[in-house]
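Comments concern the structure below.
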Amino acid sequence: MVGSGAREHALAWAMSKSASVIVTPGNAGIAAHGITCTATPATMLDANLFVIGPEQPLVEGLADTLRAQGKSVVGPGKDGAQLEGSKAFMKEFLAASGVPTAEFGTFRVLDEAVAYLRAMNAPYVIKTDGLAAGKGVLVTSDFDEACADVRDKLSGESFGDAGTTVIIEEGLDGPECSLLVLCDGTNVLSLAAAQDFKRVGDGDHGANTGGMGAFAPMPSMTASHVGQVMSTILSPTVHELTRRSIDFRGVLYAGIMLTSKGPKLLEYNVRFGDPETEVLVPLYGDRVFDLLTRVASGSLDHELAPVSGSAVTVVLASHGYPAASRHGDVISGLGPDGQLATAIDGVLIFHAGTGLNDVGQFVTAGGRVLAVTAVGESLGQARRRAYEAASLINFEGKVMRTDIARDADKGEK
Ligand code: AMP
Ligand code: GLY
């Protein structure tokens, strides 16, 4: 397992039910949970299966390198990873495959971008072309703020080279859904629909983050809704991948907005979502290793039995997130294994950014620190358990949303 966050912790934990797992590089919480972590890079390790968690190594071609060594890999090569690595590539790909998405323009020159903004209606949606850890998107109705954002991105001030091409999109409206689909090069299987909470504050206020929490399945995404997304978005995408001879073996994560005109694709990621994985993995549990083995070998079945129960994840982030992150704050409420010190049924703590101080206490070591997950028979039960667990874990400056899965639990979303 390649990576160092809560997503990798969740995947490694699930796979360790069926296999012996090594995580590179992993983190303090994964190691404390009894899963081997090593600093040795993946290219120098031997294993029957390699699962690549984050986007950066995929975009850089790690899957190609491993496959060239004869390894079995979950994760697309550099070609398929462009769907996430370049939003301009992705938009061109969507146009070629006829997938519904927001109207857009691509710009490298400030004056042309400003002219486009002037001609469109608010809200303005401005995205960096390259990877920006989920923080490269501004949605605003303020024309001056939009212009300033374009200027900062194009100048390289905001995201360096990743930002010097911008995409400006029409604003779409509606609930969002993360549909993660396993793809073995030919067959696609959808996992339960998940919802991610991207803004830092309650009520979807504040800056975009990597994700402050999630739940799955989404009660509003019925089988027929999922079927519609599969037929209008995923099938044409896989068809276009095949047409371009891109052998995509990995997870295709469709970020979807359910607009009044039907589902539209906001973005593709070419990997498991974070924190979506922290809710999906506990729901699939023992099945995860077999599914991933089949993704890598091109032998997925045609159907996946639905999950029972629900899962909710509440992310605890460090002081100042997402603009900054403070390290070294001592975390209370965890036992020596990095799990909750006080037992609550159905709770799992996945570590995103923790370390150990000189006296062996867990301390904050990243923007997102912990993903507190609970499964339950109902969404309400999972939610109550997750928040009860989250209230037992404390550190100076803890940042947390209090409304993860609240509206869905009330049947409002
Ligand atoms: P992305 O990284 O493209 O998924 O964008 C991050 C977040 O920005 C999404 O989850 C949406 O909440 C918001 N967003 C992206 N594109 C649009 C759009 N065209 N209209 C409205 N909101 C958007
Ligand atoms: N949850 C958003 C992401 O993984 O990109």
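Okay, so the sequence shown: first residue is 0 according to numbering that gives the first Met the number 0, each after it adds one. The beta-carbon is built from N, C-alpha and C at its ideal position, and this holds for glycine as well. This structure is a prediction, so every number in the text was calculated from the model and none was measured.
Please find out if some non-hydrogen atom of ligand 1 comes closer than 7 Å to the beta-carbon of Gly254. With a threshold of 7 Å, the Cβ atom of Gly254 counts as near ligand 1, since some heavy atom of the ligand is closer than that.
Kindly indicate which three-state DSSP category Ala38 falls into: helix, strand or coil? When secondary structure is reduced to three states using DSSP, Ala38 falls in the coil class, being assigned neither helix nor strand.
Just the residues with CB closer than 5 Å to a heavy atom of ligand 1, in chain order, which are they? For ligand 1, residues qualifying as neighbours are Ala101, Val124, Val136, Val138, Glu168, Gly170, Leu171, Lys197, Gly254, Leu265 and Glu266, where qualification means a beta carbon closer than 5 Å to at least one of its heavy atoms (chain order).
Would you kindly work out how many angstroms separate the C-alpha atoms of Val187 and Leu233, rounded to a whole number? Their Cα atoms are separated by approximately 8 Å.
Hey, could you find the ends of the beta strand (DSSP E) Ser309 is sitting in? Counting along the chain, the unbroken beta strand (DSSP E) around Ser309 starts and ends at Ser309 to Ala316.
How many angstroms separate the CA atom of Thr42 from the CA atom of Ile245? It is roughly 22 Å from the alpha-carbon of Thr42 to the alpha-carbon of Ile245.
CB of Ser85 within 8 Å of CB of Thr236, strictly: At a Cβ-Cβ threshold of 8 Å, Ser85 and Thr236 do not count as neighbours.
Only counting the same chain, and skipping five residues up and downstream in sequence, which positions put a Cβ closer than 8 Å to that of Ala46? Within the same chain, Cβ atoms closer than 8 Å to the Cβ of Ala46 are found at Ile21 and Lys70, the five residues on either side in sequence being excluded.
Given a threshold of 16 other Cβ atoms within 10 Å of its Cβ, counted over all protein chains shown, does Asp357 qualify as buried or as exposed? Exposed: under 16 other Cβ atoms inside 10 Å.
Determine the contact status of Asp148 and Leu137, defining contact as a CB-CB distance below 8 Å. The answer is yes: Cβ separation under 8 Å.
Contact check, Val199 vs Met217 under 8 Å by CB: the rounded distance? Approximately 21 Å separates the beta-carbon atoms of Val199 and Met217; this is outside 8 Å, ruling out the contact.
Test item: CB-CB of Val313 and Tyr283 under 8 Å: At the C-beta level, Val313 and Tyr283 stay beyond 8 Å of one another.
Within its chain, find whatever has a CB closer than 7 Å to the CB of Leu279; leave out the 5 residues flanking it on each side and keep chain order. Excluding residues up to 5 positions away in sequence, Leu179, Leu190, Ala191, Ala193 and Ala215 lie with their Cβ nearer than 7 Å to the Cβ of Leu279 in the same chain.
What's the C-alpha gap between Tyr123 and Ala101? C-alpha separation (whole angstroms): 11 Å.
Cutoff 6 Å; reference Pro335; Cβ partners in own chain excluding five residues on either side: There are no such residues.
Relative to the C-alpha of Val398, which candidate in Leu171, Ala322, His318 and Arg384 has its C-alpha closest? That would be His318, whose Cα lies nearest to the Cα of Val398.
Rounded to whole angstroms, what is the Cα-Cα separation between Val73 and Ile29? Going by the C-alpha atoms only, they are around 20 Å apart.
Going by other Cβ atoms of all chains shown within 10 Å of its Cβ, with 16 needed for buried, is Gly396 buried or exposed? Taking all protein chains shown into account, Gly396 has fewer than 16 neighbouring C-beta atoms within 10 Å of its C-beta and is therefore exposed.
Reference Thr363; option with closest CA among His326, Tyr386 and Leu290: Among His326, Tyr386 and Leu290, the Cα nearest to that of Thr363 is on His326.
For Val228, does the count of other Cβ atoms within 10 angstroms reach 16, so buried, or fall short, so exposed? The residue is buried, with at least 16 neighbouring Cβ atoms inside 10 Å.
To which residues does DSSP link Cys176 through a beta bridge? According to DSSP, residue pairing for Cys176 in a beta bridge involves Ile255.
By Cβ distance below 7 Å, which residues in the same chain neighbour Ser3 in space, the five residues on each side in sequence not counted? Counting only Cβ-Cβ distances below 7 Å, and skipping sequence neighbours, we find Pro24, Gly25 and Asn26.
How about Asp273: is its Cβ closer than 7 Å to a heavy atom in ligand 2? Correct: Asp273 has its Cβ closer than 7 Å to ligand 2.
Alpha carbon to alpha carbon, how far is Gly104 from Tyr115? Give it in angstroms, no decimals. Straight-line Cα distance between these residues: approximately 8 Å.
Alpha-carbon to alpha-carbon, Gly410 and Leu61: Taking C-alpha positions only, Leu61 is separated from Gly410 by approximately 42 Å.
Exposed or buried, what is Asn120 when buried is set at 16 or more other beta-carbons lying within 10 Å of its beta-carbon? So Asn120 ends up on the exposed side.
In whole angstroms, what is the alpha-carbon distance linking His350 and Ala370? Those two C-alpha atoms are separated by around 6 Å.
N-terminal and C-terminal residue of the alpha helix (DSSP H) that Ser96 is part of: It spans Lys86 to Ser96 - the alpha helix (DSSP H) in which Ser96 sits, taken as one unbroken run.
Supposed close pair Ala340, Leu333 - CB separation, criterion 8 Å: That belief holds up - the Cβ atoms of Ala340 and Leu333 are roughly 6 Å apart, short of 8 Å.
Would DSSP call Gly205 helix, strand or coil? In this structure, Gly205 counts as strand in the three-state DSSP scheme.
Would you mind reading off the limits of the alpha helix (DSSP H) that contains Gly416? In the structure displayed, the chain extends from 0 to 412; residue 416 sits before or after that span and is not available.
Quick check on Ile29: does DSSP put it in helix, strand or coil? If DSSP states are grouped into helix, strand and coil, Ile29 belongs with the helices.
Can you tell me the Cα-Cα spacing of Gly366 and Asp328, whole angstroms? Rounded to whole angstroms, Gly366 to Asp328 spans 12 Å at the Cα level.
Below 8 Å between beta carbons: does that hold for Arg248 and Gly297? Gly297 is positioned such that its CB atom lies closer than 8 Å to that of Arg248.
Using C-beta distances below 7 Å, list every residue in its chain close to Lys412, excluding the 5 sequence neighbours before and after it, in chain order. Legend: pLDDT at Lys412 = 44, less than 50; position of this residue unreliable, value from coordinates given subsequently. The residues are Pro174, Ser219 and Asp406.
Rounded to whole angstroms, what's the CA-CA distance from Thr372 to Val108? Just pull it up for me. The C-alpha of Val108 is placed about 44 Å away from the C-alpha of Thr372.
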